[in-house]
Structures are given as structure tokens and as C-alpha cells.
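Start counting the sequence shown at 244; every next residue gets the next number (the numbering used here).
Virtual Cβ for every residue (Gly too), placed ideally from N, Cα, C.
Remember, it's a predicted structure, so these values are computed and weren't measured experimentally.
Some notes on the structure that comes next.
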Amino acid sequence: MLDMRHMNSIRLDPEKLTVVVGAGATWHDIQNAIHPRFAVKAMQSTDIFTVGGSISVNAHGMDHQAGAVRNSIRSLRVLLADDRIETVSREQNPALFDLIVGGYGLFGIILSAELEVVPNSIYWSERELIATRDLPAKLAKIIADPSIGLMYTHISTAPGSLLDEALIYTYRKTDEGGAERAPLKDVGSVKMRRLTVNLAKRSTAFRSFKWWAEKNLEHRFEACTVTRAQAMKDGEACLVSRNDPMHDSVPYLRNAMKNDTDILQEYFVPASNCCHSSSA
Ligand SMILES: Cc1cc2nc3c(=O)[nH]c(=O)nc-3n(C[C@H](O)[C@H](O)[C@H](O)COP(=O)(O)OP(=O)(O)OC[C@H]3O[C@@H](n4cnc5c(N)ncnc54)[C@H](O)[C@@H]3O)c2cc1C
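Here's what the structure looks like:
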């Protein structure tokens, strides 16, 4: 068993738009090191994971344009079973690069990575409640719209609307306009969120409450962290910087309940099999 978490150095090169990081660095550490000018290009939707673990599963997240982590890798340093240390990239040792990325640690140990970073853009945070049957058409529109930088969807787990309703969260790029980015903050209301998550596991009434709260309450507490120099127009949407929605360490998912294990399941459904479009 190798614990890589102490190999967590982070070196930003603002000219090359890259970071060279130890494989044990987490996205959370990297965000703290490169905010407010830069942001991670590709990572999971939460920031707790190590770079090595993320490359080993070729993770993907909220930036549907950036795609999987592989697309942000310039090069990797890897330790092989015969003690050699090799640099691998699309150009250098490409066959080994292909095996290491998404290779679950079976082909070598990633020691460090050179990763592309992107500007910490300003986004308008928007959300929309839709019928799940309209999701494929909606996603096609979002993917075709280059101004949408980040996106994710939550589907109802509440009785009554189970899998029928969906909340789509989108982050639309907007002009910088003298924008000032607030320092990064950890997720708030942890105890309340943890209580809601844990009660929802046990009771359908709380699953209904959780979905109701997400539809009606949660957005009112969203931190709009970016202020602009010019006067904000009345009703202007909530502005955040790219690092804000990506800086989520899901502390509310941790709990002290004995004999209780959460299992993450992912289902990859082809759009054609997803659901019946309302226009069909
Ligand atoms: C709450 C939650 C949310 C998630 N969300 C997403 C998501 O949005 N998108 C997504 O794609 N995935 C998601 N995942 C899955 C996640 O990306 C993987 O579980 C990921 O591997 C976790 O990284 P880790 O640092 O914990 O790696 P570990 O669990 O420690 O390791 C994972 C694998 O990588 C190997 N490995 C780790 N470090 C190295 C190294 N330095 N060199 C070589 N091999 C190594 C390990 O041997 C193991 O096979 C989520 C998981 C959870 C629990």
C-alpha cells in the first residue's frame, strides 16, 4: 500500500499555463495555490481526490468542453516495476502514456504530473427545473453553446417526482468587467446538509424534503462571490469564479454512522435510450 498524499508539491508556471504537481496533491490544494488567477482545467465534480488517483481513473467533471483529465495532461513522471523513472506524454512513450492514464495503477506509479490550467473565468450561475424527458434535448443545446463553461444536473430521488424532474445547473461565461474574485471558501451549512442527506437515506418524507429544499431554498444561500467594479444591475444573476463551484470537498457526505457505507453508482445511458422527449 502506497500513501502518495505527502508527495503534494505544487509549482505554477503562469507563462506556460501549467502546474507541475506531486501525484499526491489534491485538487483542493491546487485550487488554493492557483486562485484567484487560474483554475483547474479538468477534474471531478468534487475536489477531494488526488491527481494520481484522478489520472488513474481518467476522471471527468463539470467542464464538458474540457472533457476527461487526460486532455489536460502535458506529461507524467512514472516509476515502473523495474525501478526506472520515465517521462510519458502523447509524444514521449505514447503507448505507456495510454496505459497509465486510466490504468488504475497497474502499469506504474505516477510520481508527478504537468497539467494545463485555465483562467479563473467569471460565470453567471443559472439553474432550471425541467422534466427529465427533456434532458437529452436540453443537453444537446448546452453542449452546442460555447458560452457555457460548466454544467451538471441533479435528478429527483423524491417519491412523486422520482427520476421525472431534473435541476440543471449551468455556468455561463461573462465578461470580466473589472471583476473582483473573493478568496476561496469551504462549503457552508455542513451540519444542516449532513443531517438532510442522512435523514433522506432513511425516510421517503425526508427525500421529499431534500428535493423540495434543493428546488426552493438552496439557491437562496448560494454565495455570489464575484463583485464587479460597475454598479450591478438590479436582478443581475449570481456571479461566481470558476474555482467556486469546483471547490467542493463534500464534507457533508462524511459521517460517523457505524455500519453505514455509501456506495456510488454510475449509469451511462445513451441519449437515445434515456427517455422520451416531449417533442417526440
Ligand atoms: C463522492 C465521490 C464523487 C465522485 N465524483 C466523480 C466525478 O465527478 N467524476 C469522476 O470521474 N469520478 C468521480 N468519482 C470517482 C473518483 O474519480 C475515483 O474514485 C478516483 O479514483 C478517486 O481518486 P483518489 O485520489 O481517491 O484515488 P484512490 O481511490 O486512492 O485510487 C484510485 C485508483 O488509482 C490508483 N492510484 C492512485 N494514485 C496513484 C498513483 N500516484 N499512481 C498510480 N496509480 C494510482 C489506485 O491504485 C487505484 O487503483 C467520485 C467518487 C466519489 C467518492
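Under 8 Å between C-beta atoms of residue i and residue j
i: R424; j: Y366; result: no
i: N525; j: G265; result: In the structure displayed, the chain extends from 244 to 523; residue 525 sits before or after that span and is not available.
i: E465; j: S318; result: no
i: D487; j: T504; result: no
i: N348; j: L322; result: It should be pointed out that residue 348 corresponds to Gly in this sequence rather than to Asn. No.
i: H381; j: I373; result: The question names His, but residue 381 in the sequence shown is Lys. Their beta carbons are under 8 Å apart, which means K381 touches I373 by this criterion.
i: S492; j: H278; result: no
i: T293; j: G310; result: no
i: A285; j: S315; result: yes
i: I273; j: V263; result: no
Nearest-angstrom Cβ-Cβ length linking residue i and residue j, presumed shorter than 8 Å
i: V360; j: V283; result: 7 Å
i: R471; j: L410; result: About 27 Å; that fails the 8 Å criterion.
i: H490; j: L427; result: 5 Å
i: S364; j: R485; result: 5 Å
Unbroken alpha helix (DSSP H) run spanning residue i, endpoints
i: V294; result: 294-299
i: P191; result: A question about residue 191 goes unanswered here, because the residues of the chain that appear run from 244 up to 523.
i: F449; result: 447-459
i: I385; result: 378-387
i: I343; result: 337-343
Continuous beta strand (DSSP E) stretch holding residue i: start and end
i: H397; result: 391-398
i: L255; result: 253-256
i: A374; result: 365-374
i: K524; result: Residue 524 cannot be examined here, being either before or after the span of the chain that is shown, 244 to 523.
i: P362; result: 352-362
i: S318; result: 316-322
i: F281; result: 281-283
i: I273; result: Premise fails: I273 lies in the alpha helix (DSSP H), 270-277, not in any beta strand (DSSP E).
i: V263; result: 261-265
Own chain partners of residue i with C-beta closer than 6 Å, once the 5 adjacent residues on each side are dropped
i: S521; result: Here the model assigns S521 a pLDDT of 49, short of 50, so the residue's position is not dependable and the matter cannot be decided.
i: C517; result: P379
i: T396; result: A409, I411
i: H303; result: A311
i: C481; result: S368, E465, C467
i: T413; result: E369, I391, M394
Residues near residue i in its chain [Cβ-Cβ closer than 8 Å; skip 5 each side]
i: I386; result: H307
i: A474; result: Low per-residue confidence applies at A474: pLDDT is 44, beneath 50, and the placement is therefore not dependable enough to give any value.
i: L260; result: F281, E359, V360, V361
i: D429; result: H490, S492, P494
i: S404; result: W454
i: P257; result: R280, F281
Same chain, Cβ closer than 7 Å to residue i, five either side skipped, listed in chain order
i: M247; result: A266, G267, T293, G295
i: A523; result: With a pLDDT of only 42 at A523, under 50, the local geometry of the prediction cannot be trusted, and the value read off the model is given with reservation. So the list is empty, once near-sequence residues are dropped.
i: T269; result: D290, I291, F292, T293
i: E329; result: V321, L323, N336, L339
8 Å Cβ cutoff, residue i in contact with chain B
i: D256; result: This model lacks chain B altogether, as it is built from one protein chain only.
Query raised in the report: Quick one: any contact between the stretch 395-411 and the stretch 292-300, if contact means 3 or more CB pairs under 8 Å?
Result: no
Query raised in the report: Is the stretch 331-349 touching the stretch 434-452, taking contact as three or more C-beta pairs under 8 Å?
Result: no
Query raised in the report: Do the stretch 430-444 and the stretch 452-463 meet, that is, are 3 or more Cβ pairs less than 8 Å apart?
Result: yes
Query raised in the report: Is the stretch 417-437 in contact with the stretch 503-519, if contact means three or more CB pairs nearer than 8 Å?
Result: no
Query raised in the report: Between the stretch 492-502 and the stretch 348-362, are three or more C-beta pairs nearer than 8 Å?
Result: no
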